[in-house]
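> Residue numbers (this note's numbering): -7 to 239.
Idealized CB from N, CA, C, for every residue including glycine.
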Amino acid sequence: MLAVLKMSRRNATNSNSSVLGRYGIGSDSTLSGRIHCHEDVATAPLILRYLTLTGNPRMNPTNIPFAIKEWDVVCEALRAGEQHLLLRKGGIREQDDQFRAEHDAFWFWPTRFHQTPDQLSPAGRKLLDQMQAKHVGGNRFGVDLLAEVQQVRYVTSATKLAEFAPLHILSPDTVRMRFHYRDPGVYLFLIRVYAAPRPKLYVETPEIAGCKSWIELPDPPSTADLQPVVSDEEFAAAQEKFAALLA
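Structure (structure tokens):
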């Protein structure tokens, strides 16, 4: 069984307004109107792009402090446009009768913790062999990828979950393990990924270290020069594939 919760246009607008509010943008602002008038608010382009185009410093969300820990190789797959999904067991909240990510936009903190070749698909293993490590020495890490969550869906069928393999680089065994961990089921995050021109370097502090999914970055990277890692057309194709698999 696949839990697919449909969002009404009204709920989409209300939900989008709450996101804008986090960046200090009122519902009466020109930017807010532009997003609300989008044909499909639930899949509107990244808010950061709108904010950058306005040229209004007050509206520029340069402070996105949240980051999610993800395997180094998965970050590279996202950067290369070879992955468009995150498979998560948590990091979810419910709002307006729908599943939402705990944070609508967040950075990636690359980690090698538990990352091994056998947990990857053949494409993932090839990428792991080719990639340059993002760890820049010792306990220093480079952060330069940001995601905006486009959709969240909860899958309660292992068979259905296996059909999403073209959208990620995890091995079938890894996917099954995540699915059956604790309660059967996995949340799928369809994400649009953006890259900064250069990584911002951080030292792993005790507050950041450890087995935790979400962290808060001190002095977060700037969002001013973010660029999408794939074209609008490529991402639209990924969205269509995701929608077809949900059907």
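For threonine 131, which option in Ala235, Glu140, Ala150 and Val195 has the closest C-alpha, if you only look at C-alpha atoms?
Looking up residue 131 in the sequence shown gives position 139. Looking at the sequence itself, residue 131 is asparagine, so the reference to threonine does not match. Nearest of Ala235, Glu140, Ala150 and Val195 to asparagine 131, Cα basis: Val195.
> Does the separation of the CB atoms of isoleucine 272 and valine 66 fall below 8 Å?
What the structure shows of the chain is the stretch from -7 to 239, and residue 272 is not part of that stretch, so it cannot be assessed.
> Pick out whichever of Met169, Gln107, Thr148 and Leu70 has its Cα sitting closest to the Cα of aspartate 136.
Position 144 of the sequence shown, counted from the first residue, corresponds to residue 136. Checked all of Met169, Gln107, Thr148 and Leu70; the closest Cα to aspartate 136 is Leu70.
> Is the beta carbon of valine 141 sitting closer than 8 Å to the one on aspartate 96?
Here residue 141 is taken as the residue at index 149 of the sequence shown, counted from 1. Here residue 96 is taken as the residue at index 104 of the sequence shown, counted from 1. Yes.
> Where does the unbroken alpha helix (DSSP H) through arginine 170 begin, and where does it stop?
Within the sequence shown, residue 170 is the residue found at index 178, counting from 1. Unbroken alpha helix (DSSP H) run through arginine 170: 164 to 172.
> Start and end of the beta strand (DSSP E) containing phenylalanine 227?
As a working mapping, residue 227 is identified with position 235 in the sequence shown. Premise fails: phenylalanine 227 lies in the alpha helix (DSSP H), 224 to 238, not in any beta strand (DSSP E).
> Among Lys81, Glu74, Asn55 and Gln231, which residue has its Cα nearest to the Cα of lysine 204?
In the sequence shown, counting from the first residue as 1, residue 204 sits at position 212. For the residues Lys81, Glu74, Asn55 and Gln231, the minimum Cα distance to lysine 204 belongs to Lys81.
> Starting from glycine 134, trace the beta strand (DSSP E) in both directions and tell me its first and last residue.
The count along the sequence shown starts at 1 and reaches residue 134 at position 142. Residues 132 to 147.
> So, does the stretch 208 to 220 touch the stretch 163 to 178, judging by three or more C-beta pairs under 8 Å?
Flag = no, the stretch 208 to 220 and the stretch 163 to 178 do not touch.
> Does DSSP put alanine 201 in a helix, a strand or coil?
Walking along the sequence shown from the start, residue 201 turns up at place 209. Alanine 201: coil per DSSP, three-state reduction.
> Short check: CB of phenylalanine 181 to CB of leucine 153, under 8 Å?
The residue given as residue 181 occupies position 189 in the sequence shown. The residue given as residue 153 occupies position 161 in the sequence shown. Contact flag unset, no.
> Output needed for leucine 112: all residues of its chain with C-beta closer than 7 Å, excluding positions within five of it in sequence on either side, in chain order.
Reading the sequence shown from its first residue, position 120 is the one you call residue 112. These residues qualify, in order along the chain: Val65, Leu120, Ile161, Leu162 and Ser163.
> Using a Cβ-Cβ cut-off of 6 Å (strictly less than) and excluding sequence neighbours within five positions of arginine 104, which residues of its own chain qualify?
In the sequence shown, residue 104 corresponds to position 112, counting from 1. Cβ within range, chain order: Asp64.
> Contact defined as beta carbons within less than 8 Å: I believe isoleucine 60 pairs with tryptophan 101. What is the distance between those atoms, to the nearest angstrom?
Working through the sequence shown from its first residue, we reach residue 60 at position 68. Working through the sequence shown from its first residue, we reach residue 101 at position 109. That pair is a contact at about 7 Å.
> What is the residue span of the alpha helix (DSSP H) that threonine 151 lies within?
If you number the sequence shown from 1, residue 151 lands on position 159. Segment 150 to 154, the alpha helix (DSSP H) holding threonine 151.
> Run the CB neighbour count on arginine 184, radius 10 Å, all protein chains shown included, and call it buried at 16 or more, exposed below.
Along the sequence shown, read from residue 1 onward, the residue named residue 184 stands at position 192. Flag for arginine 184 reads buried.
> Would you mind sorting glutamate 62 into buried or exposed? The rule is 16 or more other CB atoms within 10 Å of its CB.
For the purposes of this step, residue 62 is taken as the residue at position 70 of the sequence shown. Buried: at least 16 other Cβ atoms inside 10 Å.
> Candidates Val167, Asp211, Leu159 and Gly134: which alpha carbon is nearest serine 149's?
Counting from 1 along the sequence shown, the entry for residue 149 is found at position 157. Ranking Val167, Asp211, Leu159 and Gly134 by Cα distance to serine 149 puts Val167 first.
> Which residues in the same chain as phenylalanine 227 place their Cβ atom closer than 8 Å to its Cβ, once the five residues preceding and following it in sequence are excluded?
Reading the sequence shown from its first residue, position 235 is the one you call residue 227. Result list for phenylalanine 227: His76, Arg184 and Pro220, in chain order.
> Output yes or no for whether 8 Å exceeds the beta carbon distance between proline 213 and alanine 188.
The residue labelled residue 213 in the question sits at position 221 within the sequence shown. The residue labelled residue 188 in the question sits at position 196 within the sequence shown. Yes.
> Excluding the 5 residues preceding and the 5 following leucine 237 in the sequence, name in chain order all residues of the same chain whose CB lies nearer than 7 Å to its CB.
As a first step, residue 237 must be located in the sequence shown, where it is residue number 245. Around leucine 237: Glu155 and Phe156.
> Identify which residue in Thr151, Asp165, Arg117 and Leu138 has its Cα closest to the Cα of valine 222.
In the sequence shown, the residue the question calls residue 222 occupies position 230. The option with the nearest alpha carbon to valine 222 is Leu138.
> Leucine 209 and tryptophan 99: beta carbons closer than 8 Å?
Here the question's residue 209 lines up with position 217 in the sequence shown. Here the question's residue 99 lines up with position 107 in the sequence shown. A contact, by the Cβ cut-off of 8 Å.
> Among all the DSSP beta bridges, which residues are the ones paired with alanine 187?
Here residue 187 is taken as the residue at index 195 of the sequence shown, counted from 1. For alanine 187, which the question treats as bridged, DSSP gives the partners Leu137 and Gln219.
> Helix, strand or coil for alanine 97, going by three-state DSSP, please let me know.
Sequence index remark: in the sequence shown, residue 97 carries index 105 (1-based). Residue state, collapsed to three classes: strand.
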